[in-house]
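Those sequence lines, one after another, are chains A and B.
Numbered by this note's numbering, the letters in the first sequence go through residues 3 to 157 in order.
Numbered by this note's numbering, the letters in the second sequence go through residues 799 to 980 in order.
Even for Gly, the Cβ is constructed at its ideal location relative to N, Cα and C.
These numbers were taken from a predicted model, which means no experiment stands behind them.
Read the structure below first, then the notes.
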Amino acid sequence: MNGMTIIVKTIASWVKVLIFLFGIYIILFGHLTPGGGFAGGVILASSYILLMLSFGREFVEENLPLPLASKLDCLGAFLFAMIAILGLAFGGIFFVNFLQKYLPGQPLELISAGTIPLSNIAIGLKVGASLFLVILTLSICCKDFKPNTPSDGKE
Amino acid sequence: MAIFYVLLLFMIIAAIIAIETKNLLSSVICIGALGFGISLMFLFLRAPDIAITQIVVEVLGLIILIRATISRDLTFITGDKEFFGTVVSVVIIFVIFLAGVKVFETLPDFGTAIFAETRGAASQTYISEGLAKTGAANIVASVILDFRAYDTLGEATVLFTSIIGATVILRKKAKKLLEEPD
Chain A
3 MNGMTIIVKT
13 IASWVKVLIF
23 LFGIYIILFG
33 HLTPGGGFAG
43 GVILASSYIL
53 LMLSFGREFV
63 EENLPLPLAS
73 KLDCLGAFLF
83 AMIAILGLAF
93 GGIFFVNFLQ
103 KYLPGQPLEL
113 ISAGTIPLSN
123 IAIGLKVGAS
133 LFLVILTLSI
143 CCKDFKPNTP
153 SDGKE
Chain B
799 MAIFYVLLLF
809 MIIAAIIAIE
819 TKNLLSSVIC
829 IGALGFGISL
839 MFLFLRAPDI
849 AITQIVVEVL
859 GLIILIRATI
869 SRDLTFITGD
879 KEFFGTVVSV
889 VIIFVIFLAG
899 VKVFETLPDF
909 GTAIFAETRG
919 AASQTYISEG
929 LAKTGAANIV
939 ASVILDFRAY
949 DTLGEATVLF
959 TSIIGATVIL
969 RKKAKKLLEE
979 PD
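Here it is, written out as structure tokens:
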């Protein structure tokens with residue numbers, strides 16, 4: 003699995019940065035424009051999946067190993083739960099928007115809406131890492147099952 | 799309130815049978831009955847969306863579990879189809895179709911919001927006070943991450959659990975263990 007032709011590799015290496023930046027933008031501006039953590043996380047994962055399709059699985063596994071992706075996934079879930087528990091600690095209610103009370107930002111600004119951007123970042127991290135993990139584990143599974151099947155000599 | 803105790807008793811009995819029985823298929827059916835009781839409970843507690851989710855997950859999970867348990871000894875019906883059974887199923891499908899037509903006649907026209915115009919509806923509150931209360935310009939974000947953050951936590955948990963299941967089932971070590979003899 004050495005990847006595709008050089009045309010695809012070149013284009014993918016240019017486009018991956020734009021896709022990644024677009025995912026970060028969607029996540030960070032989730033409380034102002036359409037989008038949010040789920041959509042942005044899917045876009046982040048799709049940039050890595052583009053790399054996986056064009057350069058092969060080993061290249062992506064070197065950049066973002068499976069244990070690291072799993073840790074990122076857990077970190078996203080942990081951050082989201084921590085935001086909820088901080089609401090319980092500071093605001094008195096589970097999941098209350100405590101930052102909005104103490105630090106009211108101007109509406110339609112990037113830093114506003116209290117904990118909503120933080121939740122978006124946590125969810126984006128979680129969704130991106132977990133979708134990447136799904137594709138990676140499925141591809142590992144398919145790759146490893148191939149030698150067991152009797153081959154006809156055709157590639 | 800008596801209906802709750804009846805349902806609770808029914809669910810407890812179903813759960814005990816599901817644990818204690820030796821037959822896998824009857825255990826699966828008892829779990830299905832338990833989930834059906836839970837969804838009825840949600841319906842009586844006026845939480846229809848959770849009831850719908852519960853019944854969909856329960857039915858899907860039930861079908862998958864039954865398929866997994868009895869995949870070894872699937873029984874196929876051999877011989878001609880009975881005329882009576884065909885007539886009965888066609889009549890039942892026709893009755894359900896007529897009921898569906900009656901239901902669709904009561905639906906509002908496409909694009910009209912019925913719940914948003916009701917007085918005291920939750921969506922009205924979201925639209926009018928969403929920006930002031932949460933400070934988020936995107937009303938969808940303010941709903942899913944502030945007003946309804948519990949739902950988002952549940953969805954994130956579902957995603958997390960499913961990823962754990964996928965990575966555990968598809969990992970390399972399990973296949974090595976399978977290949978090695980005991």
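Would you verify that the beta carbon of residue i is, or is not, closer than 9 Å to some beta carbon of chain A?
i	result
F808(B)	no
T851(B)	no
A812(B)	no
K900(B)	no
T1002(B)	Outside the modelled stretch of chain B, which goes from 799 to 980, sits residue 1002(B), for which no answer is possible.
A845(B)	no
A1009(B)	Nothing in the structure corresponds to residue 1009(B), since chain B is present only between 799 and 980.
L805(B)	no
A897(B)	no
T955(B)	yes
D980(B)	In this prediction, D980(B) scores a pLDDT of 48, lower than 50, which makes its location untrustworthy; the coordinate-derived value is nonetheless stated afterwards. No, D980(B) lies away from the interface with chain A (no Cβ there is under 9 Å from its Cβ).
Starting from residue i, find everything on chain A with Cβ-Cβ shorter than 8 Å and list it in chain order.
i	result
S940(B)	H33, A115, I118
T959(B)	In chain order: nothing, as chain A lies at least about 10 Å away.
Which first and last residues belong to the alpha helix (DSSP H) in which residue i is found?
i	result
A71(A)	68-92
M54(A)	39-57
G116(A)	Element bounds for G116(A): n/a, residue is neither H nor E.
A831(B)	822-842
T7(A)	No alpha helix (DSSP H) contains T7(A), which DSSP labels as neither H nor E.
I811(B)	800-818
L101(A)	100-104
Distance cutoff 9 Å, beta carbons only. Does residue i sit that close to anything in chain B?
i	result
I123(A)	no
V129(A)	yes
S72(A)	yes
S49(A)	no
V136(A)	yes
A83(A)	yes
E157(A)	Per-residue confidence for E157(A) stands at a pLDDT of 41, beneath the threshold of 50, marking its modelled position as unreliable; the derived number appears in the next sentence. Output row for E157(A): interface = no.
I142(A)	yes
S15(A)	no
S56(A)	no
Just to make sure I have the definition right: I need the residues of chain B whose C-beta is within less than 9 Å of the C-beta of residue i. Which are they?
i	result
G38(A)	N936, V938, A939, I942, L943
P109(A)	L929, A930, G933, A934, A935
A79(A)	A954, T955, L957, F958
Select from the options the residue whose C-alpha is nearest the C-alpha of residue i.
i	options	result
G952(B)	K73(A), L101(A), A86(A), L20(A)	A86(A)
F134(A)	Y27(A), V44(A), H33(A)	V44(A)
G89(A)	A83(A), F82(A), F100(A)	F100(A)
V826(B)	I801(B), F840(B), I853(B), L860(B)	L860(B)
L110(A)	V893(B), G883(B), N936(B)	N936(B)
Y924(B)	G933(B), V941(B), R917(B)	V941(B)
L138(A)	Y50(A), S121(A), G94(A)	Y50(A)
I28(A)	C143(A), S141(A), N122(A)	N122(A)
T35(A)	S114(A), S132(A), L81(A), G58(A)	S114(A)
L127(A)	G94(A), L68(A), F80(A)	F80(A)
Closer than 7 Å by beta-carbon distance: list the chain B residues that pair up with residue i, in chain order.
i	result
N99(A)	T932, D944
Residues of chain B with CB closer than 8 Å to the CB of residue i, please, in chain order.
i	result
T139(A)	A964, T965, L968, R969
A86(A)	A947, L951
P106(A)	G933
Write down every uninterrupted run of the alpha helix (DSSP H) in the region 900-960 of chain B whose length is 4 residues or greater and which is fully enclosed by it, in chain order.
920-932, 937-940
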